[in-house]
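Shown next as structure tokens:
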């Protein structure tokens, strides 16, 4: 069906003027969303200045006038020219019969006639830059951003791999040169770096968020000075090996993910040939410090740079960027290596998963679920949740709790953060900790490993859990990044609106861990956290008695259980644990709130209500279907069809319904982005669709399609081993097996249109909605750009 659909779409899509009229404003809204991000806009401006002639300097989405004025005839012409079989590549990934797949592809795409036209090759070649360039962006915001762009060869060029290694050595956290120069010295809150692998010569882009209180010009100078130092002095063998190990681990993990592998192959195919994916790996394994220093000296020069500061030079020099090599000559008869383990065709039905799952409780009291199966690349996913504290004891510790798990994974008695990162890269594994202010009393840890490395990675997890050093320097950096993010949220419509909505539903005192603080309050709380507080929280509250651990993948459960017993043995908290209930019957005040955010091109709408319900309630499946039809089914939902497809008011609109297994709290949330001037129309359209659902319910055809789509999404979700591990861990906490999931799916299939209508009327009461809009509502709307008429030629004699 999918191949038939896509082959039909390739040749027979209807490009209608009325569709353009509604979709135009949707795309314009997407454009406006991008305009809300200073770092994204700065990136676009730097690219535009760096490229004088090549189209890489132009933002893919275009500018506002082009979006508003593009004629439908141009779209049809573009569609007929480029949506052709000679300009497409079909990639099929996953468990399938190759012969059958080829046969179906031949039947669907093979019948499409070859186009009569021939696509012309691009001929624009960006000339060597002849002087440093800069761009200044001035907009409303809280956090300054600086950046630098350097021209580099195309992705297929042999120089690209050492350039990519160089970029990581500069920007990686926590060992990168720029990270140490800017973030560790508190000049920047965060930084990022990318080397773009394009078909034609691309760029290195390095950007940093300036920590408030620093002069952005000084930070930019330090950024370029650090880069210049690397260009002149080179890099170390240790840095190159570290990046090689990390990149190879990332490649291995991505290759174990079918969808990621397919995406990677398509990305390299866009550069000229899918086999470049493997050639890049071969080059990565052979790259040397000398290679990295050579490309640094060649490309990291001032005259090849675009930054936010102008520095004239007396003598201009040009850096010639090599052209894309002849792929046929370069690739020749290249042959790949042996394939990785493909895994088994595992039935992801709840019954089969439960049949193969081993459940046990460790001596410490921790609950464990293990699902052993053959996986691609012998991959293993582990998720761990530790539970601690009570509503009484955690009231003033929510910010510390949000920081603690991440900090635990940043240094142990045996390993510093850098050494731990290197060790994980060597094992082609990953280990991370996570906490959240809104989920007080939970410390989460996730692990990715393989069958052979799992025992060693569990030993590293043991050190993170039992011997963390909670390094002061890392705590300072984490606080710095969180504070910079919170400062930025002060002017972001979505952040402000969603926080306002959460505060409406959480009427707890400030001393309660469920309290939702204002941004200013959260900033004060983060600033007050110190290492002593975190050490006390770790020592008194964390232990291995309460929590859930789930492992999914290619491992031996018999040898793994003793390792887990050792991991948690004798680890007990001195403070008691009791689950912190979240109630849906707390009184709140319905109403509408408006937040002004000057100079923000994108507005945000959110609405919600809460009520008392668990996911075991008989009405729960009907409400799941009601929400899926209303807005949970993306573009196929009523809100998606009305607000985006028909009226073109929003690039993104969705609704969420949630009820948990333990707490009596159900919630419905609707969210949408739009142009600020269209925000009232969005609100009206949403209310009308909600009213229509309450009045007339859903049709049998709608319900049947929703049941099919929703159940399919559940099945697809269980094919992801990390998500499956989370599902099993959740079942441990709920004291259930996946028999509950199987029964739930039966109940979804058994929902009726009448049942959906009655449940919707019972719980989704619009009078109980809290509605919040945020945006630049005082700004006068711009008049649409007038369409130009062809200039009449004067008669000639």
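Residue numbers (the numbering used here): 65 to 861.
Cβ atoms here follow ideal geometry from the backbone N, Cα and C, with glycine treated the same way.
Start and end residues, alpha helix (DSSP H) containing residue i
{"i": "residue 218", "result": "Note, residue 218: premise wrong, no alpha helix (DSSP H); not H, not E."}
{"i": "residue 120", "result": "Taken as a continuous stretch (DSSP letters only), residue 120 belongs to no alpha helix (DSSP H), as it is neither H nor E."}
{"i": "residue 451", "result": "Element bounds for residue 451: not the alpha helix (DSSP H) but the beta strand (DSSP E), 443–451."}
{"i": "residue 354", "result": "353–363"}
{"i": "residue 130", "result": "128–133"}
{"i": "residue 174", "result": "Per DSSP, residue 174 belongs to no alpha helix (DSSP H) and is neither H nor E."}
{"i": "residue 342", "result": "340–350"}
{"i": "residue 809", "result": "803–813"}
{"i": "residue 327", "result": "322–334"}
{"i": "residue 704", "result": "First-last for residue 704: undefined, no H or E at that position."}
{"i": "residue 773", "result": "764–781"}
{"i": "residue 626", "result": "621–632"}
{"i": "residue 758", "result": "743–760"}
Delimiting residues of the beta strand (DSSP E) encompassing residue i
{"i": "residue 722", "result": "717–723"}
{"i": "residue 668", "result": "667–675"}
{"i": "residue 737", "result": "730–738"}
{"i": "residue 838", "result": "834–839"}
{"i": "residue 659", "result": "655–660"}
Exposed unless 16 or more other CB atoms sit within 10 angstroms - verdict on residue i
{"i": "residue 155", "result": "exposed"}
{"i": "residue 842", "result": "exposed"}
{"i": "residue 697", "result": "buried"}
{"i": "residue 392", "result": "exposed"}
{"i": "residue 618", "result": "buried"}
{"i": "residue 69", "result": "exposed"}
{"i": "residue 374", "result": "With a pLDDT of 35 at residue 374, under the threshold of 50, the predicted position of this residue should be treated as unreliable, though the coordinate-derived value follows. The residue in question, residue 374, is exposed, as its Cβ has fewer than 16 Cβ neighbours within 10 Å."}
{"i": "residue 146", "result": "exposed"}
{"i": "residue 80", "result": "exposed"}
{"i": "residue 720", "result": "exposed"}
{"i": "residue 117", "result": "exposed"}
{"i": "residue 582", "result": "exposed"}
{"i": "residue 712", "result": "buried"}
{"i": "residue 369", "result": "buried"}
{"i": "residue 577", "result": "buried"}
{"i": "residue 651", "result": "exposed"}
{"i": "residue 376", "result": "In this prediction, residue 376 scores a pLDDT of 32, lower than 50, which makes its location untrustworthy; the coordinate-derived value is nonetheless stated afterwards. Exposed is the call here."}
{"i": "residue 828", "result": "buried"}
{"i": "residue 476", "result": "buried"}
{"i": "residue 640", "result": "exposed"}
{"i": "residue 664", "result": "buried"}
{"i": "residue 677", "result": "buried"}
{"i": "residue 382", "result": "A caution first: residue 382 carries a pLDDT of 47, below 50, which makes its placement in the model too unreliable to give a value."}
{"i": "residue 380", "result": "Confidence at residue 380 is low in this model, with a pLDDT of 43, below 50, so its placement is unreliable and no value can be given for it."}
{"i": "residue 632", "result": "buried"}
Cβ separation of residue i and residue j, assumed to be a contact under 8 Å, to the nearest whole Å
{"i": "residue 528", "j": "residue 495", "result": "7 Å"}
{"i": "residue 695", "j": "residue 734", "result": "6 Å"}
{"i": "residue 227", "j": "residue 359", "result": "5 Å"}
{"i": "residue 817", "j": "residue 767", "result": "5 Å"}
{"i": "residue 465", "j": "residue 504", "result": "6 Å"}
{"i": "residue 310", "j": "residue 666", "result": "About 35 Å; that fails the 8 Å criterion."}
{"i": "residue 717", "j": "residue 729", "result": "At roughly 24 Å, the Cβ-Cβ gap does not stay under 8 Å, so residue 717 and residue 729 are not in contact."}
{"i": "residue 207", "j": "residue 552", "result": "5 Å"}
{"i": "residue 823", "j": "residue 686", "result": "4 Å"}
{"i": "residue 524", "j": "residue 488", "result": "7 Å"}
Among the options, nearest to residue i - alpha-carbon criterion
{"i": "residue 339", "options": "329, 586 and 232", "result": "329"}
{"i": "residue 285", "options": "209, 300, 303 and 347", "result": "209"}
{"i": "residue 681", "options": "813, 725 and 662", "result": "725"}
{"i": "residue 263", "options": "627, 253 and 332", "result": "332"}
{"i": "residue 326", "options": "193, 159 and 306", "result": "159"}
{"i": "residue 420", "options": "518, 819 and 803", "result": "803"}
{"i": "residue 606", "options": "534, 638, 568 and 185", "result": "638"}
{"i": "residue 426", "options": "671, 635, 133 and 800", "result": "635"}
{"i": "residue 655", "options": "396, 539 and 834", "result": "834"}
Bridge-paired residues (DSSP) for residue i
{"i": "residue 510", "result": "447 and 496"}
{"i": "residue 434", "result": "422 and 615"}
{"i": "residue 271", "result": "211 and 256"}
{"i": "residue 197", "result": "370"}
{"i": "residue 794", "result": "Paired residue(s): none; residue 794 is not in a bridge."}
{"i": "residue 475", "result": "480"}
{"i": "residue 406", "result": "440"}
{"i": "residue 581", "result": "None, per the DSSP bridge assignment."}
{"i": "residue 149", "result": "Beta-bridge pairing links residue 149 to no other residue."}
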